[in-house]
Amino acid sequence: ITPKEDITWTSKDITIDANGKVTPNAAGVYKLTAKTGSTTKTIYLIAKKPTSSEHVLYYNDFSSSDLSAFNVVQNTNGSYSVSNGKLLLSAKANANSFVRMLLPSFIGDFGDYTFMTNATITEKADSRRWMALMYREQKNDYPYYQYCIRANAASSQKDGVEFSYMTNTNNSWAYHGKTSYTEAISAAKNYLFKVEVYGNSATSYISGTKLLTTTALTDYAKGRVGLQVCGTTTAYDD
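All you need for the working numbering is the position in the sequence shown, starting with 1, plus 19.
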């Protein structure tokens, strides 16, 4: 296929040679801009090591205290910090306290990904309070989808974990599925919280145990990802 007009490529992240070729020297995400006529489009080149099985859009083990790539969009009676290689989001003052933190904005250009963190809830205002993985978040605010885990993830009400949707109607919640995990979240150990997002579907896990699947992600195909705590202090290893 021959384009009607030549495409010009530019990038601040990687060198483009005279033949329009690029050679990544390290694993990572490289942003390129393609222009033809008056039309421009952002293209991401995602490189992995030959020995790696996955392409990684973003990783942080919090060995550095620099959080400049993050965006704290909401903070009511809460705090955030990095200490001893952990990100701490704390909103334990009461059941209505919360902190929302968004990961780097370029991830919002993607719609399909696996989002996971090794973390645990260390303190809580009460056992109903929670932490969550947010995805396809809009306008640095809401609407957004999230995978929510309560401090008592083993709730007898069968809502210890849930898929929820902060809608754009009166800042209200809709729910796309609820269940319970096998145990309450223990401050003494880490859990791998994971959500796989693809097309209209999302699937959630705790430490390898599959919990929920929904096909209700019909309103938004892409958007930012983030971390949220409400009434808890949550420590994230990565």
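In this text, a Cβ means the ideal position worked out from N, Cα and C, and glycines have one as well.
- In the structure shown, residue 146 adopts coil according to DSSP, grouped into three states.
- Residue state for residue 33 is assigned as coil, using DSSP reduced to three classes.
- By the C-beta density criterion, residue 189 is exposed, having fewer than 16 other C-beta atoms within 10 angstroms.
- DSSP, reduced to helix, strand and coil, places residue 126 within a helical segment of the structure shown.
- Counting of Cβ neighbours within 10 angstroms places residue 242 among the buried residues, the total reaching 16 or more.
- Under DSSP, residue 93 shares a beta bridge with 119.
- The Cβ atoms of residue 41 and residue 133 lie no closer than 9 Å to each other.
- If you check the CB distance, residue 86 and residue 252 do not come in under 9 Å.
- Note: residue 134 is bridge-paired with 214 in the DSSP secondary-structure output.
- Inter-residue distance for residue 61 and residue 214 is about 26 Å (C-alpha atoms, whole angstroms).
- Listed in chain order, the beta strand (DSSP E) runs fully inside the region 49-89 are 58-66, counting runs of at least 3 residues.
- If only complete runs of 3 or more residues are kept, the region 189-242 shows the beta strand (DSSP E) at 192-198, 210-217, 220-225, 228-233, in order along the chain.
- Exclusion of the five residues before and after residue 146 leaves 170, 171 as the residues of its chain whose Cβ lies within less than 6 Å of its Cβ.
- Here residue 151 is buried: its Cβ has 16 or more other Cβ atoms, across all protein chains shown, within 10 Å.
- Closest in C-alpha terms to residue 179, from the list 204, 193, 49, comes 204.
- By the 16-neighbour rule on beta-carbons within 10 angstroms, residue 116 is buried.
- Residue 166 sits away from residue 156, with the two beta carbons spaced by 9 Å or more.
- Residue 97 is a Cβ neighbour of residue 248, given a cutoff of 9 Å.
- In the DSSP assignment, residue 186 falls outside any beta strand (DSSP E), carrying neither H nor E.
- Of all alpha-carbon atoms in 212, 140, 125, the one lying nearest the alpha-carbon of residue 227 is that of 212.
- In the structure shown, residue 175 falls within a coil segment according to DSSP collapsed to helix, strand and coil.
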